[in-house]
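These notes concern the structure reproduced below.
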Amino acid sequence: MLKLSVLQVEVNRVRLGVELADHAGARIYRSRRATGPFEEVGVAFEETYDDTVHLEPGRTCYYKAAEWRAPSLYPETSSLDEGTPLKVTVPRAQKERRFVLTEKREEITISMGGYLDESNTVTVGPEVYCPGPNSSMPPYDQVFEPNQYVVIENLGENDVENPWVVANGQRDWWSVETMTREIAGIAGGGRLDDRDRMMAIWKFVVDELYDSRIGLSWFDQTSDPVRLFNVYGFEGCVANAITSRRLAEQMGVKSREIWLGGTIDGYGRGRSCGHDIFEAFADGDWHFLDTDLMVFFLKRDNRTVAGSEDFSRDIDLLRRSHRNLGLCGRDLPEKDYYYTPFRERKYVYPPNKGGAWMDATGKIKQTPGEYPPAQTMALRLRPGEKLVRYWDNVGKNVIRGKRLYPTVRYSNGKLAYRPDLRGPLALNGMESIINVAQETSGSRVALHPEKKGEVSEVVWRVASPYAIAGARLGIRCRCDTQEDGLEVLFSKDGETWRSLWVAIGRRLDACVDLDWYLNPALNDWRGETDLGWRMGPCYQYYIKVAMWAGSRPHGVGLDAIRFDTDIQCATRSLPSLFCGEN
25 MLKLSVLQVE
35 VNRVRLGVEL
45 ADHAGARIYR
55 SRRATGPFEE
65 VGVAFEETYD
75 DTVHLEPGRT
85 CYYKAAEWRA
95 PSLYPETSSL
105 DEGTPLKVTV
115 PRAQKERRFV
125 LTEKREEITI
135 SMGGYLDESN
145 TVTVGPEVYC
155 PGPNSSMPPY
165 DQVFEPNQYV
175 VIENLGENDV
185 ENPWVVANGQ
195 RDWWSVETMT
205 REIAGIAGGG
215 RLDDRDRMMA
225 IWKFVVDELY
235 DSRIGLSWFD
245 QTSDPVRLFN
255 VYGFEGCVAN
265 AITSRRLAEQ
275 MGVKSREIWL
285 GGTIDGYGRG
295 RSCGHDIFEA
305 FADGDWHFLD
315 TDLMVFFLKR
325 DNRTVAGSED
335 FSRDIDLLRR
345 SHRNLGLCGR
355 DLPEKDYYYT
365 PFRERKYVYP
375 PNKGGAWMDA
385 TGKIKQTPGE
395 YPPAQTMALR
405 LRPGEKLVRY
415 WDNVGKNVIR
425 GKRLYPTVRY
435 SNGKLAYRPD
445 LRGPLALNGM
455 ESIINVAQET
465 SGSRVALHPE
475 KKGEVSEVVW
485 RVASPYAIAG
495 ARLGIRCRCD
505 TQEDGLEVLF
515 SKDGETWRSL
525 WVAIGRRLDA
535 CVDLDWYLNP
545 ALNDWRGETD
555 LGWRMGPCYQ
565 YYIKVAMWAG
575 SRPHGVGLDA
585 IRFDTDIQCA
595 TRSLPSLFCG
605 EN
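So the sequence shown is numbered by my numbering: it starts at 25 and just counts up by one.
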């Protein structure tokens, strides 16, 4: 066993020191008990290793490390009994409340003490325009965040469909319908006219999004309000404008986009533009509402929001507004984004309202008049499965690019699923099963082929409403003879499969890292000037375990399987608690 030490412990990460000496790497194992059984959680190739595989707050874990020799060589599980494990206790939040809910809809009350929360600890916004690399904006800064994590776990025997937590009636962004209800509330509710609705949309988008241009507008439906606000919380002008327009149309407000310095392609979309802005129609005229640069301009009556055509006739209207950019914003001299295009009438109105999006085959679609499928935060939790969302992150995001600000603000979370393969509920959580027998007794392997000489298959599907930033698959299996075999395969669509891992050894516990297959931000072999990577983030994946028995059917099979899926969340979308009664 190699020597380990504790460097840092957080609710979502344990940082270990690993004494590799002359070894190429170390397999890291973890257990809930000092005596085992130990499960592999990853491989360390450096002298520090971050364990982010689902950590339960307040639980004590035990770690061991074995020498890594080759990807296909694993120590036998019996060899992990040697040596004294490293003991680590995962911290829990200072205050934690647990509730067991049995009704379709339940309300609970939580009181939080203190004086500081998310509402009064935001200290720094963008101070000047475009201080970051390649015109990207920095995120807001927050000196204190009392919320740490929120967990939804299925403790029952049936699937839980669409679990959702809403705190204080805010951020109910499950669908575009629930979002527009919240926007209507911003405007005061009741009978609203188009002007009230358009200003409420502007305020909502300005308050909840900030500009960090990552080039995902064409590759991940970030122009869909539900996905943009729940998964990201930031993007550039294109996603802001399309999202604002789609919210306006949902609320019955006529709207359009205006592309400054742009051209229109054969699909009716703008191209090569300097800026994209949302315009709404109310009181018989168009009104220019820039949700990306957080600004609008008044006509000379000091009451009416001006429109794009007004600027072309009276360019000095552009001087009639501050240039906010957040809490600490300063005015942008000359307002370069606006003056030249309006003075020279270099702007267009793209007729394609559908935007662009990735279809099921991964190809970009931008058909005029056709909309991408509506997104929701639909989720199914199988018995024993849990959704964990942290207000912090462990550095896993699905984006990269020169325009992305280095300290972009987002959160990470988990979908954790450890089915009991000997129990009847495990069969319901499978996508498909072929020629597989289940054993309830511990003397035989839990899942094995029904008969020898035929391939047996078990398929699981993991689906998330949040973008998947990585995953690890843990398995405990056995192969009694050289004629037995067990293979793990991966797919994004359930049709095209790729072999990931083949069992070599009699009894072993292994962890297969899926990050490189799921996270497009890791595919950096293309040049940074290529905005697309032409691979959008994943929201589902499939795992197939194929087995074949050469002699005895129960001599090969699967004893346990563990799904640990990382997700990316927009921090502002989480159900925050505030000081006082919630």
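C-beta: ideal position from N, C-alpha, C; glycine also. The model shown is predicted, which means the values in this text are computed figures rather than measured ones.
Proximity of residue i and residue j at Cβ, strictly below 9 Å
i	j	result
Glu169	Glu127	no
Ala545	Asn417	no
Pro375	Ile288	yes
Gln526	Leu510	What sits at residue 526 in the sequence shown is Val, not Gln. The answer is yes: Cβ separation under 9 Å.
Pro81	Arg116	yes
Gly331	Asp309	yes
Gly209	Gly193	yes
Asp316	Gly408	no
Val486	Tyr541	no
Gly49	Val67	yes
Thr133	Lys111	no
Lys568	Val483	yes
Pro187	Leu411	yes
Leu23	Glu478	In the structure displayed, the chain extends from 25 to 606; residue 23 sits before or after that span and is not available.
Asp183	Arg367	no
Residues sharing a beta bridge with residue i, DSSP
i	result
Tyr73	Leu40
Tyr566	Arg485 and Ser515
Ile301	Ile282
Tyr371	Leu284
Lys475	Note: Lys475 sits in no beta bridge, so no partner.
Arg586	Gly498
Asp537	Arg496
Trp572	Gly509
Gly604	Met136
Cys85	Val112
Gly581	Arg502
Trp310	Phe305
Arg339	For the sequence presented, residue 339 should be read as Ile rather than Arg. Bridge partners of Ile339: none, in fact.
Gln194	Ala191
Inter-residue Cα distance where the pair is residue i and residue j
i	j	result
Glu130	Phe587	29 Å
Phe528	Cys503	Here residue 528 is Ile; the residue named in the question, Phe, does not match the sequence. Straight-line Cα distance between these residues: approximately 8 Å.
Glu91	Pro61	18 Å
Glu71	Ala461	43 Å
Phe602	Val174	14 Å
Pro561	His47	35 Å
Tyr566	Trp415	28 Å
Met275	Val167	36 Å
Ser103	Phe514	29 Å
Arg251	Pro577	46 Å
Arg446	Arg468	10 Å
Arg221	Phe258	22 Å
Asp590	Gly437	6 Å
Glu481	Ser96	22 Å
Val77	Val146	30 Å
Ala594	Asn264	15 Å
Ser336	Phe320	15 Å
Pro473	Ala45	42 Å
Leu313	Val124	45 Å
Leu341	Pro599	40 Å
Val262	Thr204	20 Å
Gly139	Glu43	With the sequence shown as reference, residue 139 is identified as Tyr, and Gly is not the correct amino acid for it. Their backbone Cα atoms lie some 44 Å apart in a straight line.
Tyr53	Glu507	28 Å
Tyr73	Arg37	10 Å
Gly285	Asn543	34 Å
Asn459	Glu519	19 Å
Trp283	Asp217	27 Å
Anticipated Cβ contact below 8 Å, residue i with residue j, distance rounded
i	j	result
Cys501	Gly581	7 Å
Val86	Leu28	According to the sequence displayed, residue 86 carries Tyr and not Val. Actually they do not touch by this definition, with Cβ atoms about 10 Å apart.
Val255	Gln564	In fact, because the Cβ distance is near 14 Å, the residues do not count as touching under 8 Å.
Ala570	Lys476	Ala570 to Lys476, Cβ: 14 Å. No contact.
Gly604	Met136	7 Å
Handout entry: the stretch 214 to 234 touching the stretch 275 to 285, judged by at least three CB pairs closer than 8 Å
Key = Yes, the stretch 214 to 234 touches the stretch 275 to 285.
Problem - Inter-stretch contact (C-beta, 8 Å, three-pair minimum) for the stretch 520 to 535 and the stretch 490 to 501 - result: The stretch 520 to 535 vs the stretch 490 to 501: in contact.
Practice task
Assess, as a yes-or-no matter, whether the stretch 400 to 409 is touched by the stretch 187 to 203 under the definition of 3 or more beta carbon pairs within less than 8 Å.
Solution key: Proximity of the stretch 187 to 203 to the stretch 400 to 409 meets the contact definition, three or more beta-carbon pairs being nearer than 8 Å.
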